[in-house]
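At position 148 of the sequence shown (counting the first as 1) the number is 147 in numbering that gives the first Met the number 0, and the numbers step up by one without a gap.
Ideal Cβ placement from N, Cα and C applies to all residues, glycine included.
Notes to accompany the following structure.
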Amino acid sequence: MRKVALTILFGVAVFISKGFLPTPIDKMLIAVQAIFLALGALLAKPLGATKVSVVSAVLTAVVKSALAPLTIIFAILYGLLTDALIHAFRVEQPSSNVKAWRLAFAMTTSTAVTGLLSYYFSSHVLGVIPRNPILEAVILVAGTISGLVGGYTAAIVWRKAIKNF
């Protein structure tokens, strides 16, 4: 029951951190989201990051109803990709330890891929936001750095506070 409560709490924290930011800023400043998705993936197996993403997506879709389908699709994609990469990179080690750089790499990769796909779809396919090569580069760099910072921070939080939960 604690894990379910924490998953919901993590999803609400993600929503609060990005739910009111305008696009494309919400695609650049996602370190907080990366932290909580990584912690959800480690804590609430299977598909912990996906569960956190679903909670945050539903809440965000209420606030940004015009983009609700995109919000839900890309949030679920981000969660699934995070869960898959954390497993594929064998982030967890025996006795509930995590490899910090593997977790950072998993979050950097899932953040960059999801951010690029989301921006491409929003700008090139739907035209919701104008196409701007400089903005695309800024989103790629800022999103990648946010994923790296979020993943590494999640490893520290895991070791210091949540590992034995």
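Query raised in the report: Is the beta carbon of A43 less than 9 angstroms from the beta carbon of V54?
Result: Stepping through the sequence shown from its first residue, residue 43 is reached at position 44. Stepping through the sequence shown from its first residue, residue 54 is reached at position 55. For A43 and V54, no; Cβs fall outside 9 angstroms.
Query - Residues near A56 in its chain [Cβ-Cβ closer than 7 angstroms; skip 5 each side] - result: As a first step, residue 56 is located in the sequence shown; it is residue number 57 there, counting from the start. Closer than 7 angstroms at the Cβ level, and outside the excluded window around A56, lie T70, I71, A74 and I75.
Query raised in the report: Near H86, which residues of its chain fall below 7 angstroms by C-beta distance, leaving aside the five closest residues on each side in sequence?
Result: Numbered from 1 along the sequence shown, position 87 holds the residue referred to as residue 86. If we look at H86 and ignore the five residues flanking it on each side, it has no Cβ neighbours.
Query raised in the report: Starting from F19 and walking both ways along the alpha helix (DSSP H), at which residues does that stretch end?
Result: To locate residue 19, count along the sequence shown from 1; it is residue 20. No alpha helix (DSSP H) contains F19, which DSSP labels as neither H nor E.
Query - Selection from P132, S122 and L8 that minimises the alpha carbon distance to L58 - result: Locating residue 58 in the sequence shown gives position 59, counting from the first residue. That would be L8, whose Cα lies nearest to the Cα of L58.
Query raised in the report: When you compare only the Cα positions, how much space is there between T110 and T152?
Result: Counting from 1 along the sequence shown, the entry for residue 110 is found at position 111. Counting from 1 along the sequence shown, the entry for residue 152 is found at position 153. T110 and T152: Cα-Cα distance of roughly 14 angstroms.
**Report entry** Stretch-stretch touch, CB-based, cutoff 8 angstroms, three pairs: the region 30 to 47 with the region 86 to 103
**Finding:** yes
Report task. For V97, name the three-state secondary structure that DSSP assigns. Result -> The sequence position of residue 97 within the sequence shown is 98, counting from 1. It is a strand residue.
Requested in this report: Answer with buried or exposed for G126, where buried requires no fewer than 16 other C-beta atoms within 10 angstroms of its C-beta.
Outcome: Stepping through the sequence shown from its first residue, residue 126 is reached at position 127. It is exposed - the Cβ of G126 has fewer than 16 other Cβ atoms within 10 Å.
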